[in-house]
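Trainee:
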Amino acid sequence: MGIHCHAAMKAKSALTPHSYEPAALGPWDMRVAITHCGICHSDIHLIDDDWGMSVYPLVPGHEIVGTVTARGHEVPDSLEGKRVGIGWQRSACLRCPSCLEGDEPSCPGQQPTCVGHPGGFAREIVADSRFAFEIPEGLPSEGAAPLLCGGATVYTPLRRYGVAPPDRVGVIGIGGLGHLALQFASAFGCEVTAFSSSADKEAEARSLGAHHFVPSGNADRMKGLAGSFDFIINTVFADLDWALYVSLLKPGGRLCFVGAPPGPVSIHAFPLIVGRKSICGSVIGSRHLIREMLEFAARHGITARTEALPLDAANEAIAKVRANRARYRMVLVNPRG
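For the record, in the sequence shown the residue sitting at position 229 is 228 according to numbering that gives the first Met the number 0, with numbers rising by one throughout.
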């Protein structure tokens, strides 16, 4: 039986109802009835083919939560009927040096969920069970769906770069990624500062765990924080004064990009050299870190703040994301039954 979905038929087009016949289940595959799928800004880039990698018809969606309804013979019996999540990464070879070191996102053969394969703007999906994750009972599906990509994206660099309770952490941007970064950094026990161009977000930033709020357009406030931060994570997709943010780092501090500015990041080397400062980047998370992130989120009550719409309203939800009017993640919901 075909799978009902919503697909872009060409670059920059609206989504239209579509259906496709799924491949037969492989030994590690499982069929998942989707209940919720978050909309990530990466879905917009894929719809528009901004990265030159999209294949049409394109079914977006890689922040998926649903229930296992069928499985291949290698999938454990215990997963039958379980609630699982599926993120950006669909598969990897599991044999290369990166995979054997537990760094599956760096696998040369890794495949995204919705590039060349149908994603989660659908009633169902066939997925590799080795890249699906049981959702802890304490996490509601709507708030958990964006964690599969957005949550993993901000949690991973905090862990990979050793962010710890004594650290002072800055979060640039209070949007789909930033509002999750504030929650995770606060739960890590760090002193957290939110940087935002929107002064009206201060109350929300503090409710999400920020101890301090700094309007990024206030030059005096910004310069007064020079040498203050151990770690600053950028979650926005805009060109900013990156030299200024580097100046806010303590000696040995890091500026980490998980949001990709459209232009080049230009920094003089001297402040990096004399301050032992560094600029780095991070993308999604390994299977181990995604499992850990979900457990950590459940333990600390971390979920995305969402607005839900039915799958058939996918274009309306996408329009809100394009217009930056989502506070903070749009989630598509399939009707039960």
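Beta carbons are placed, not taken as given, at the ideal position from N, Cα and C, and that holds for glycine.
Distance, Cα to Cα, Asp229 vs Lys9?
Mentor: Start at 1 with the first residue of the sequence shown, and residue 229 comes out as number 230. Start at 1 with the first residue of the sequence shown, and residue 9 comes out as number 10. In a straight line, the C-alpha of Asp229 is about 44 Å away from that of Lys9.
Trainee: Of all the options Pro260, Pro263, Ala242, Gly262, which has the alpha carbon lying nearest to the alpha carbon of Arg253?
Mentor: Counted from its first residue, the sequence shown places residue 253 at position 254. Cα-wise, what sits closest to Arg253 is Ala242.
Trainee: With 16 other CB atoms within 10 Å as the buried threshold, where does Pro156 fall?
Mentor: For the purposes of this step, residue 156 is taken as the residue at position 157 of the sequence shown. Burial call: buried.
Trainee: What span of residues does the beta strand (DSSP E) with Pro270 cover, start to end?
Mentor: The residue you call residue 270 lines up with position 271 of the sequence shown. Counting along the chain, Pro270 falls outside any beta strand (DSSP E), though it belongs to the alpha helix (DSSP H) covering 268 to 274.
Trainee: Pick from Pro117, Arg159, Val83, Val170: whose alpha carbon is nearest that of Pro145?
Mentor: Numbered from its first residue, the sequence shown carries residue 145 at position 146. For the residues Pro117, Arg159, Val83, Val170, the minimum Cα distance to Pro145 belongs to Val83.
Trainee: Determine which residues share a DSSP beta bridge with Val235 and list them.
Mentor: As a working note, residue 235 is residue 236 in the sequence shown. Val235 is not bridged to any residue.
Trainee: May I have the straight-line CA-CA distance separating Glu20 from Cys4, to the nearest angstrom?
Mentor: Taking the first residue of the sequence shown as 1, we reach residue 20 at position 21. Taking the first residue of the sequence shown as 1, we reach residue 4 at position 5. Between Glu20 and Cys4, the C-alpha separation is close to 11 Å.
Trainee: For Ala313, which residues from the same chain have a beta carbon less than 7 Å from its beta carbon, with the 5 sequence-adjacent residues on both sides left out?
Mentor: Numbered from its first residue, the sequence shown carries residue 313 at position 314. The residues are His5, Leu14, Phe120, Leu331.
Trainee: Which same chain residues, not among the five before or five after Gly336, have their C-beta less than 6 Å away from its C-beta?
Mentor: Counting from one through the sequence shown, the residue named residue 336 turns up at place 337. Since pLDDT at Gly336 reaches only 47, below the 50 mark, its modelled position is unreliable, and no value is offered.
Trainee: The alpha helix (DSSP H) spanning Gln182 covers which residue range?
Mentor: As a first step, residue 182 is located in the sequence shown; it is residue number 183 there, counting from the start. Per DSSP, Gln182 belongs to the alpha helix (DSSP H) from 177 to 186.
Trainee: Going by DSSP in three states, Gly280 sits in which element: helix, strand or coil?
Mentor: Taking the sequence shown and counting its residues from 1, the one referred to as residue 280 is at position 281. Strand.
Trainee: Looking only at its chain, what residues have a beta carbon closer than 6 Å to the beta carbon of Ser185, apart from the 5 residues adjacent to it on each side?
Mentor: Along the sequence shown, read from residue 1 onward, the residue named residue 185 stands at position 186. Val191, Gly208.
Trainee: Roughly how many angstroms separate the alpha carbons of Ser18 and Ile266, rounded to a whole number?
Mentor: In the sequence shown, the residue the question calls residue 18 occupies position 19. In the sequence shown, the residue the question calls residue 266 occupies position 267. Rounded to whole angstroms, Ser18 to Ile266 spans 48 Å at the Cα level.
Trainee: Among the residues of its own chain, which have a CB less than 6 Å from the CB of Ile289, if the five just before and after it don't count?
Mentor: The residue you call residue 289 lines up with position 290 of the sequence shown. Once the five neighbours on either side are set aside, the close Cβ partners of Ile289 are Phe132, Ala151.
Trainee: May I ask you to list the residues that DSSP assigns as paired with Glu190?
Mentor: Indexing the sequence shown from 1 puts residue 190 at position 191. Glu190 pairs with Arg167.
Trainee: Using the DSSP secondary-structure output, state which residues sit across from Phe295 in a beta bridge.
Mentor: Reading the sequence shown from its first residue, position 296 is the one you call residue 295. According to DSSP, Phe295 bridges with nothing at all.
Trainee: Measure how close the beta-carbons of Gly86 and Trp27 come, nearest whole angstrom, since I'm counting them as under 8 Å.
Mentor: Within the sequence shown, residue 86 is the residue found at index 87, counting from 1. Within the sequence shown, residue 27 is the residue found at index 28, counting from 1. At roughly 17 Å, the Cβ-Cβ gap does not stay under 8 Å, so Gly86 and Trp27 are not in contact.
Trainee: Between which two residues does the alpha helix (DSSP H) harbouring Ile134 extend?
Mentor: Start at 1 with the first residue of the sequence shown, and residue 134 comes out as number 135. No alpha helix (DSSP H) holds Ile134; DSSP gives it neither H nor E.
Trainee: Give me the residue from Pro59, Ser128, Gly280, Phe256 with the minimum Cα distance to Arg30.
Mentor: The residue labelled residue 30 in the question sits at position 31 within the sequence shown. That would be Ser128, whose Cα lies nearest to the Cα of Arg30.
Trainee: Return the chain-ordered list of same chain residues with a C-beta closer than 8 Å to the C-beta of Ile46, the five sequence neighbours on each side being excluded.
Mentor: Residue numbering aside, residue 46 sits at position 47 when the sequence shown is read from its first letter. If we look at Ile46 and ignore the five residues flanking it on each side, its Cβ neighbours are Ala7, Ala10, Lys11, Ser12, Leu14, Ser53, Leu57, Pro59, Ile317.
Trainee: Spatial neighbours of Ser246 within its chain, please: CB distance less than 6 Å, with the 5 preceding and 5 following residues excluded, ordered by chain position.
Mentor: Locating residue 246 in the sequence shown gives position 247, where the first residue counts as 1. Once the five neighbours on either side are set aside, the close Cβ partners of Ser246 are Ala225.
Trainee: Within the continuous alpha helix (DSSP H) that includes Lys222, where are the two ends?
Mentor: Taking the sequence shown and counting its residues from 1, one reaches residue 222 at position 223. 218 to 222 is the extent of the alpha helix (DSSP H) around Lys222.
Trainee: Mind checking Leu99: buried by the 16 CB within 10 Å criterion, or exposed?
Mentor: Within the sequence shown, numbered from 1, the residue matching residue 99 stands at position 100. Exposed is the call here.
Trainee: With DSSP collapsed to three states, give me the class of Gly336.
Mentor: For the purposes of this step, residue 336 is taken as the residue at position 337 of the sequence shown. The pLDDT assigned to Gly336 is 47, lower than 50, so where the model puts this residue is not dependable; a value taken from the coordinates is nonetheless given after this. Correct three-state label for Gly336: coil.
Trainee: With DSSP collapsed to three states, give me the class of Thr66.
Mentor: Translated into positions along the sequence shown, residue 66 becomes position 67. Looking at Thr66 - three-state DSSP - the assignment turns out to be strand.
Trainee: Span of the beta strand (DSSP E) holding Ile46?
Mentor: One-based indexing of the sequence shown puts residue 46 at position 47. First-last for Ile46: 40 to 47, but that is the alpha helix (DSSP H), not the beta strand (DSSP E).
Trainee: Report yes if the CB atom of Ser90 is closer than 9 Å to the CB atom of Gln110, and no otherwise.
Mentor: Within the sequence shown, the letter at position 91 stands for residue 90. Within the sequence shown, the letter at position 111 stands for residue 110. Closer than 9 Å, so yes.
Trainee: Which same chain residues, not among the five before or five after Ser196, have their C-beta less than 8 Å away from its C-beta?
Mentor: One-based indexing of the sequence shown puts residue 196 at position 197. Excluding positions up to five away in sequence, the list reads Pro214, Ser215, Gly216.
Trainee: Below 7 Å CB to CB, which residues in the same chain sit around Arg158 once its five sequence neighbours on both sides are set aside?
Mentor: For the purposes of this step, residue 158 is taken as residue 159 along the sequence shown, with counting starting at 1. These residues qualify, in order along the chain: Leu288.
Trainee: Nearest by alpha-carbon distance to Asp240: which of Phe194, Ala163, Glu201 is it?
Mentor: The sequence position of residue 240 within the sequence shown is 241, counting from 1. Nearest of Phe194, Ala163, Glu201 to Asp240, Cα basis: Phe194.
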